[in-house]
Every structure is written in structure tokens, then in C-alpha cells.
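**Student:** Below you will find the structure I want to go over with you.
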Amino acid sequence: MKVTRRQSVVSAFQEIKSRAQSQWRELGSDKPVIMVGAATCGQAAGAVEVLRAIKGELKKHRLDCPVVEVGCMGHCYAEPIVTISKPGYPPICYGQVNPVIAQRLIREFILGDDPCLELILGAVEANDLVPSFSDFPRARFEKKVILKNCGHINPKQIEHYIAKGGYAALAKALEMRPEEIIAQVKRSGLRGRGGAGFPSGEKWEICRNAKGKPKYLICNGDEGDPGAFMDRAILESDPHSVVEGMLIAAYAIGARYGYIYVRAEYPLAVQRARLALRQARKLNLLGRNILGSDFSFELRLFQGSGAFVCGEETALIASLEGKPGTPYYRPPYPAISGLYGKPTLINNVKTLAFIRHIIGNGGESFASIGTKGSKGTAVFALAGKVVNTGLAEVPMGTTLRQVIFDVGSGIKEGKRFKAVQIGGPSGGCLPESALDLPIDFDSLTDAGAMMGSGGMIVLDEDDCMVEIARYFLEFTQRESCGKCTFCRLGTKQMLEVLGEFTKGKGKIEDLALLSQLAEDIKAGSLCGLGKTAPNPVLSTLRFFRDEYEAHIKEGRCPALMCRDLIAYYIIPEKCERTCDACVGTCTVEAISSHPTKRYKIIDQEKCVKCGTCLKACPPQYSAVVKLSPPSLVPASK
Amino acid sequence: MIKEQAKVKQRTRRILQRFGRNRGNLIPILQQVQGKLGYLSREAMLEVAQFLDIPEIDVYSVVTFYNQFRLNPPGRHSIRVCLGTACHMKGGYITLDAWKRRLSIDRGQTTPDREFDLDTVACVGCCVMAPVTVVDNKPEGKVEPTKVDGILLSFKLEKEKK
Numbered sequence: 208m209k210v211t212r213r214q215s216v217v218s219a220f221q222e223i224k225s226r227a228q229s230q231w232r233e234l235g236s237d238k239p240v241i242m243v244g245a246a247t248c249g250q251a252a253g254a255v256e257v258l259r260a261i262k263g264e265l266k267k268h269r270l271d272c273p274v275v276e277v278g279c280m281g282h283c284y285a286e287p288i289v290t291i292s293k294p295g296y297p298p299i300c301y302g303q304v305n306p307v308i309a310q311r312l313i314r315e316f317i318l319g320d321d322p323c324l325e326l327i328l329g330a331v332e333a334n335d336l337v338p339s340f341s342d343f344p345r346a347r348f349e350k351k352v353i354l355k356n357c358g359h360i361n362p363k364q365i366e367h368y369i370a371k372g373g374y375a376a377l378a379k380a381l382e383m384r385p386e387e388i389i390a391q392v393k394r395s396g397l398r399g400r401g402g403a404g405f406p407s408g409e410k411w412e413i414c415r416n417a418k419g420k421p422k423y424l425i426c427n428g429d430e431g432d433p434g435a436f437m438d439r440a441i442l443e444s445d446p447h448s449v450v451e452g453m454l455i456a457a458y459a460i461g462a463r464y465g466y467i468y469v470r471a472e473y474p475l476a477v478q479r480a481r482l483a484l485r486q487a488r489k490l491n492l493l494g495r496n497i498l499g500s501d502f503s504f505e506l507r508l509f510q511g512s513g514a515f516v517c518g519e520e521t522a523l524i525a526s527l528e529g530k531p532g533t534p535y536y537r538p539p540y541p542a543i544s545g546l547y548g549k550p551t552l553i554n555n556v557k558t559l560a561f562i563r564h565i566i567g568n569g570g571e572s573f574a575s576i577g578t579k580g581s582k583g584t585a586v587f588a589l590a591g592k593v594v595n596t597g598l599a600e601v602p603m604g605t606t607l608r609q610v611i612f613d614v615g616s617g618i619k620e621g622k623r624f625k626a627v628q629i630g631g632p633s634g635g636c637l638p639e640s641a642l643d644l645p646i647d648f649d650s651l652t653d654a655g656a657m658m659g660s661g662g663m664i665v666l667d668e669d670d671c672m673v674e675i676a677r678y679f680l681e682f683t684q685r686e687s688c689g690k691c692t693f694c695r696l697g698t699k700q701m702l703e704v705l706g707e708f709t710k711g712k713g714k715i716e717d718l719a720l721l722s723q724l725a726e727d728i729k730a731g732s733l734c735g736l737g738k739t740a741p742n743p744v745l746s747t748l749r750f751f752r753d754e755y756e757a758h759i760k761e762g763r764c765p766a767l768m769c770r771d772l773i774a775y776y777i778i779p780e781k782c783e784r785t786c787d788a789c790v791g792t793c794t795v796e797a798i799s800s801h802p803t804k805r806y807k808i809i810d811q812e813k814c815v816k817c818g819t820c821l822k823a824c825p826p827q828y829s830a831v832v833k834l835s836p837p838s839l840v841p842a843s844k
Numbered sequence: 566m567i568k569e570q571a572k573v574k575q576r577t578r579r580i581l582q583r584f585g586r587n588r589g590n591l592i593p594i595l596q597q598v599q600g601k602l603g604y605l606s607r608e609a610m611l612e613v614a615q616f617l618d619i620p621e622i623d624v625y626s627v628v629t630f631y632n633q634f635r636l637n638p639p640g641r642h643s644i645r646v647c648l649g650t651a652c653h654m655k656g657g658y659i660t661l662d663a664w665k666r667r668l669s670i671d672r673g674q675t676t677p678d679r680e681f682d683l684d685t686v687a688c689v690g691c692c693v694m695a696p697v698t699v700v701d702n703k704p705e706g707k708v709e710p711t712k713v714d715g716i717l718l719s720f721k722l723e724k725e726k727k
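Order-wise, the sequence lines are chains A and B. Just so you know, we're using this note's numbering here: the first sequence kicks off at 208 and counts up by one. Just so you know, we're using this note's numbering here: the second sequence kicks off at 566 and counts up by one.
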């Protein structure tokens, strides 16, 4: 009996696979294929216009080439990205493509035979003709596991995913016993990528052994940390990898129903995940008797409604039940009693995306990457003042310096590194002295930050550490659900104190008050939101106390950022006088010329401190400066 | 006005037909109703409460808990200023000020001519293009005060063309 089932799963999958492979081979077997990165980041950079220009130009020259919309490769700084695979050439990526460049590529590369070497970003594969991504300095540190498909397949076509080896791990898993799968996940050492880092295999086992039916499986895609976009990129660029991971997890724990919970602010991710579910259902990879086995699983998409706290698992469950997303006390943990009181496994998008690799290649291969306590790779969203913004996947244990300076190519505009903010509102700011720290779950927590979900914001000398602490606290304060008194009122108190600091009205004894409040909020809150809310304040206080003191004692913002503590001033000696750039751009008409000497003067009463004049003043003059405290501005003559 | 209310009720009922009567459907229902009608009016919320057979206050508490739901009609164009970390550090708050100044409304409000509504969003995940403003669901990158004026000018020109 078992033998026939096994054969049927294998043959059912083989049939699907060979059909997908022939479709993939057909794509551009003799024609050039044009791929356009059209995830949210690409679209924001103008991918839609580029697509239109490409299609128009192809039509004009009566060319019949497939144009494929792909996801995000992680090189967000170079969006929109176009990849052209022409027979006889390696697939070549072009960055910062606009409609004019796109038309030129069609004319000169597709129609002619000139790959426009001056425009290329890099070739996808190593070759003798053009430099490839593997020649980039960052390639030494990167190791793409869950981002491998992103940007190289059409996320809207399940066949692309299958042709690249997708769903093979599911077919393999269906032949294994659930206990074997859990053993593999345990062996891999995988820890939850949502931030807390709980061992996934253990969580699965607890849920499998829990009593109660039906069991539920939830993918947590409520990526609420401002500055983190890894989950969005994966759901938009390779949604099937998450679906496959969920199928394997569901089979292992014995779940019958599942939800992919995606936050409301990610409309494109919602759309693509929905489509992925429809396609999987059509091929019997989802639904009843999957691939002819006796395993059935129903998976639906649930769109969040904009509440940060819903990233917390018990709040997420409340929201799925149609209630306001307020967390409840654990234990019992959801794995024992979760959605509708039934055993519920909740895993992050990235955790689930790793599963197919663990089952496909075995737990040991995953465990061979990373550090002693943290296995595998970590995905970071690099943003802020770093040159190569985008996604980076590196083995655990890579240092912060390698990620920021080698993968990210360092700080923009040659400025000085000041801090890196890791882990969003729950994390902290680490200074230069922490840069050689190998990144893993435990090292970051020891240093006063937190792995969090993987957002990494790089800050330079122009960023004020008091302001960033205030910003995060304002965020958590607004998003606090209001259930615990300390979280609801304590954060409000802290925010008021910090607000006074940024206005130069703070008192030195308030620093002690902040630390006291922070400890109390940590102790008196139920969920992760409150427990970690003071972290940004504590870490900046620990590493950048001098900045706090400058605000309080001197009314001065060393980074020249806090608007109440700075003033814009035009140095008369430097002002070119006949140039009107600043006058024309000032959005509130606060700049005028001196009646006789013609140098420009800012009316400090009218000035809203938006900084437009500073950017408008031609660099050869650099007459506009920021001064702090504002009293440094000389009285106008 | 009564005619308008009847219309809202009717349209809400049409949406409700597609759902089962379990509480777990509350949020998807509200999302659909807001998607079709633009906002959640009193009548619509009452219909939903009746349909799911739950107290009206439960519907109201969910609507007011989540940031996505709105209780007043939106403008023709939606302006969402991203205040994620990267956007904030690159001056998202300055951009928000510029929008407020030009539209003469605060966040969460709609202009009196119902042309624009202004709000903020926690992070749209386009941190690379910071500061971002989402204009009619399209994320626009590097929106600084001068670009705010440029975007408003495009809307004005478009309107004049019609």
C-alpha cells in the first residue's frame, strides 16, 4: 500500500516538473529574453515606465522577445534593473535603467550586437566577456540561499519556480515520516528568523505533540519594523518558496489549515502570494490529497490592517479571530493553544523559506553554515546612509563591518560612520567599536541590540542619536495596544522627556529618570513590544551619552539635525550674490536679497528649516550652512 | 441623505453575500467594504454587525484599533507620507510638513474640496528611495519639499487638461 502511494507522489510530481522544465527551456531557447525587476522597489524607481518603453520599442522593430517581470535581486540601489539574456552572451544586468536607456538597449544589443558595456551592472554568471556579480567584492561575503531565486524568475509563474527545482523538497518530504522531517529541522539548528531566535525544530515538535484538532499553521509576514523589507522582497519575488516551506511544515506537524498573514502596507506582496496559492491549488500542490498522497492542507491569505503589534504572535492570532490585536499572556504558547484555542505553529516568512533547502539538502548542509549557536544565513535589509542599499544574505558570523563596508560599500558621500541601528524599534544603535562583532542571535543581544527581523539602518555623522531614539519611541508609543499600563503610559513619559531634549529644554536629572522608566517598562509589559520598546533609548544612552549632554547642557545638536536647535544661515562672504538658486527654491519664500549688497538673507522667522536652500546652493559657493545652537546666527546687517 | 444611506446598505449587503457568518471574517469584510466604498460609514458598520451577529461596539473597536480603517470619506487622490526609519532620517518629517503646508490640512484629514487626503504610513519597504511618499498607491522616491510642489503641479495640469 505504501509503495503505491510513494510511486504516485513521485510520478505526479515528475509530470508537473517535466512540463515546467520544457516551458522554461522554451522561454528564449533561440530568442533574447528581457527581464525587468518589478517588485515594489523597482516599481518605485520607475520599472513600469521602463517596461512600457521596452514593449513599445520591441513592437516598433517588430521583435518578438519574451519580456518577463521578475522580483527583486537585492541590488535596490541600482533599480530599475533590466536583465537581458541573448543567445551567445551570458545574462547581463543593467542598472538604473530609464526609458531612454531601455530603448537604446533594444536597438543596440537586441537588434544590433553591442552589449553596451558602459551601461552594465554585471553579468549573472561568471564568463570571459563581461565582469559578473561574482567578481564584485561583496560576493566574497554573500551566500544566497533564500534569495537565490529572487530577481531571476517570474514570481507570477509557478512553472519558473518548479523548473528551478521548486516543490522537489515537498515531494521528498511527502515520502518521509513527519518525525524524520522534524529531526532534520532540529539537526539543521534553524532558529526562528522573526527576531527571537527560538529553535524551529523544537517548536515544531511541541506543536506536533500537542493535543487538539484541527491544528493551524501561520506564516507571519506582518513585517512591521520600519526599515525592514526582507519579507516583502521574498513574498514579492519568490512566493512559492514560502508556500512550499509551509506545506512541509504543515505535513510535519499535522496541520490541516494555514494562513499567510501579510501586512496591509504590502499590496503587491498580497497580490503575488494570492496568485501563488491559486496556481499551487491548480496543480494539486495545495488542497486535498496533495500530489495523490493522503495529506491535505488548505492555505489562505490574510491581509493585516496596519497594526505593528500584530507581528507579536498572540496579537496576530487575535487579529485572525476578528478581534483587536492585543496580545495575551503566555504560556500557554500558541504551539499548545493558539488560534481558536487549537495548537498553532507560527513561523516567520524567512524561517519557512529556509525549509525547502533544509529538506532538499539535508539538515547537516544547513548546519555547516554559520556559527556555533546560530546556523545558516541571515538576510539583512541595508538602508540609510550606506552606498549599496538593498538586501544582503550572509552567513551568520559575518561581522557588521563586512556587511556595511564590503557588501554595502561603506558610507555615502564619503561621510563618517556613526552607528548602525539593528532590529528596528526593538533593537539598538551600535557604535563603531561594535563593528567587528560577528553577527548572530546571541552576540547582538549581548551588545545591547537585537537581531530582530533584519533591518539595518546605517547612520552617519549627520544623524542625531537623541532624535533617532525619540523617533523609535514615538513609533512604539503610537503602536502600543494599550493593554499594559507601563507600555501605554511609561513610553508616553519617556517620549515627553526625549521631546524636551530635542528642543533643548531637558534637565540633566532626566537622564536618570529615563533609565528608571526604561527598566520599569521592560519589567511591566506583557509582550515583546513593551519589553523591548526602551532598547533604542538605552543603547543610545550607553554609547552616545555625550550627544544627550550636548542637547541638555548647551542646547546644541552635534549632528545638526534637531530642528529646534539649528538655524540655516547664508554666509555673506561666500554668497555669489548674482545667483538666485536659493531664493527660487525656498518653499516658503523666506530668502531675499540684501537691498544694496545683494547677498542673500534668510528670514529666520519665516524659515521652516527644510534644508532646500542648502541643497540648492551650488557646491562651488557652499554659502548655506547649518548652525547649532541657533543663537550663533549673527544679527543681519 | 436617506437615499445615500440606503445605497450604502445595499452595497454593503452585496459584499456580505460572499462571506460566511463567522467572526474570523470580520477584518476581511471590513477591508472589502472599505475597498469598495472608500471608507466605513455608520450604516456599513451596523450592517456588518448584524450580519455577523456580534455587538456593534465590537465592530467599532476593531475599526478604530487598526490604522488601515477610516471613518470619513477619502479624497480623490491619496497622499501617504512614509515615516519609516530610513525615510525619517532622510527628512520624511520635513516632507510631511511640506504636504501639510501646501494642502493646509493635518495628517488624517481630507481637503475641503475632497481632492486630497493626507496620512502617514509606518514603512512601505522602499527604504532605498527615501524619503518616500505614496501617491495614489504608487510609491514616489526622493520626495523633498520641491518635489511636493512638482507632484501637486502635475495634478493641477492634469485637471486642467480635462
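The C-beta atom is built at its ideal place from N, Cα and C for all residues, glycine as well.
1) On the criterion of 16 or more Cβ atoms from any shown chain inside 10 Å, does S626(B) qualify as buried, or is it exposed?
2) Decide if the region 458-473 of chain A is in contact with the region 687-705 of chain B; the criterion is three or more beta carbon pairs, one per stretch, under 8 Å apart.
3) By the three-class DSSP mapping on this structure, what secondary structure does P602(A) have?
4) When you compare only the Cα positions, how much space is there between I716(B) and A435(A)?
5) Restricting to runs no shorter than 3 residues, where is the beta strand (DSSP E) found entirely within the region 444-500 of chain A?
6) Measuring CB atoms only, is the region 558-576 of chain A touching the region 312-327 of chain A, in the sense that at least three cross pairs come out at less than 8 Å?
7) Following the continuous alpha helix (DSSP H) through D623(B), name the residue where it begins and the one where it ends.
8) According to DSSP, is E315(A) part of a helix, a strand, or is it coil?
9) Could you say which of C272(A), G713(A), P446(A) lies nearest to R479(A) if we only look at CA atoms?
10) Who are the neighbours of I308(A) on chain B, taking C-beta pairs under 7 Å?
11) Just checking: is the beta-carbon of D667(A) within a distance shorter than 7 Å of some beta-carbon in chain B?
12) In whole angstroms, what is the alpha-carbon distance linking I369(A) and K224(A)?
13) Any residues in the region 809-824 of chain A with a beta carbon nearer than 9 Å to a beta carbon of chain B? Which ones, in chain order?
14) Would you give the residue range spanned by the beta strand (DSSP E) that Y775(A) belongs to?
15) Under DSSP, the alpha helix (DSSP H) around I716(B) begins and ends at which residues?
16) Comparing C-alpha positions only, which one of D667(A), G762(A), T652(A), F750(A) sits nearest to G706(A)?
17) Give me, in chain order, the residues of the same chain whose beta-carbon lies closer than 7 Å to that of K729(A); leave out the 5 immediate sequence neighbours on both sides.
18) Which runs of the alpha helix (DSSP H) spanning at least 4 residues fall entirely within the region 631-687 of chain A, listed in chain order?
19) Taking R645(B) as part of the beta strand (DSSP E), name the residues at either end of that continuous run.
20) So, with DSSP's three-state summary, where would you put K209(A)?
21) Considering only the beta carbon of each residue, do C691(A) and M768(A) sit closer than 7 Å?
22) In terms of DSSP beta bridges, what is N555(A) paired with?
23) For E430(A), count neighbouring C-beta atoms within 10 Å of its own C-beta (all shown protein chains included) and say buried if the count is 16 or more, exposed if not.
24) Is the CB-CB distance between L589(A) and G615(A) below 7 Å?
25) For the beta strand (DSSP E) containing S838(A), name the first residue and the last one.
26) Which residues of chain A have a Cβ atom closer than 9 Å to the Cβ of E709(B), listed in chain order?
27) Assign F791(B) to one of three DSSP states: helix, strand, or coil.
28) Tell me which residue opens and which closes the beta strand (DSSP E) that K625(A) is part of.
29) Checking contacts by CB at 7 Å: is Y631(B) closer than that to chain A?
30) Which same chain residues end up closer than 6 Å to I497(A) when comparing Cβ atoms and leaving out the 5 residues on each side of it in sequence?
31) Assuming C691(B) and T247(A) are in contact, meaning their beta carbons sit under 8 Å apart, how far apart are those beta carbons, in whole angstroms?
32) Alpha carbon to alpha carbon, how far is E681(A) from Y540(A)? Give it in angstroms, no decimals.
33) So for R384(A), helix, strand or coil by DSSP?
34) Can the beta-carbon of F750(A) be found less than 7 Å from the beta-carbon of P638(A)?
35) Under 6 Å from any heavy atom of the ligand PLP, does the C-beta of F502(A) make it?
36) Sorted by chain position, which residues of the same chain lie with C-beta nearer than 8 Å to K209(A)'s C-beta, five sequence neighbours on each side aside?
**Tutor:** Straight from the coordinates:
1) Exposed is the call here.
2) As far as the Cβ criterion goes, the region 458-473 of chain A touches the region 687-705 of chain B, which means the pair count is three or higher.
3) In the displayed model, P602(A) falls within a strand according to three-state DSSP.
4) Taking the straight line from one Cα to the other gives about 27 Å.
5) Those beta strand (DSSP E) runs which fall completely within the region 444-500 of chain A and span 3+ residues are 462-469.
6) Segments in contact, no.
7) From DSSP, the alpha helix (DSSP H) with D623(B) extends over 621-630.
8) Annotated three-state conformation of E315(A) is helix, per DSSP.
9) Here the closest residue by C-alpha is P446(A).
10) When 7 Å is used as the limit between beta carbons, I308(A) is near no residue of chain B, the shortest such separation being about 17 Å.
11) Not an interface residue.
12) Between I369(A) and K224(A), the C-alpha separation is close to 6 Å.
13) The residues in question are V815, K816, C817, G818, T819, K822, A823.
14) Taken as a continuous stretch (DSSP letters only), the beta strand (DSSP E) holding Y775(A) covers 774-777.
15) Where I716(B) is concerned, the enclosing alpha helix (DSSP H) stretches over 710-726.
16) Closest option to G706(A), Cα to Cα, is G762(A).
17) Hits under 7 Å: K738, P741.
18) Correct list: 648-654, 672-686.
19) Per DSSP, R645(B) is one residue of the beta strand (DSSP E) stretching across 642-647.
20) Low confidence applies here, because K209(A) scores a pLDDT of 46, under 50, leaving its location unreliable and the question unanswered by this model.
21) Cβ atoms of C691(A) and M768(A): not closer than 7 Å.
22) In DSSP, N555(A) forms a bridge with N427(A).
23) E430(A) is buried by the Cβ-count criterion.
24) It is a contact, given that the beta carbons lie within the stated cut-off.
25) Premise fails: S838(A) is in no beta strand (DSSP E) and is neither H nor E.
26) Per Cβ cutoff of 9 Å: C817, G818, T819, K822.
27) Outside the shown range of chain B (566 to 727) lies residue 791(B), about which nothing can therefore be said.
28) Run containing K625(A): 624-629, per the beta strand (DSSP E) assignment.
29) It does: the Cβ of Y631(B) has a partner Cβ on chain A nearer than 7 Å.
30) Excluding residues within five positions, none has a Cβ falling inside 6 Å.
31) With 8 Å as the limit, C691(B) and T247(A) qualify as a contact, their Cβ atoms being about 6 Å apart.
32) Distance between the alpha carbons of Y540(A) and E681(A): 29 Å.
33) It is coil, neither helix nor strand.
34) The answer is yes: Cβ separation under 7 Å.
35) In the structure shown, the ligand PLP is absent, as is every other ligand, since no ligand is present at all.
36) Because K209(A) carries a pLDDT of 46, less than 50, the predicted location of this residue cannot be relied on, and the following value inherits that uncertainty. Taken in chain order, the list of residues that qualify is empty.
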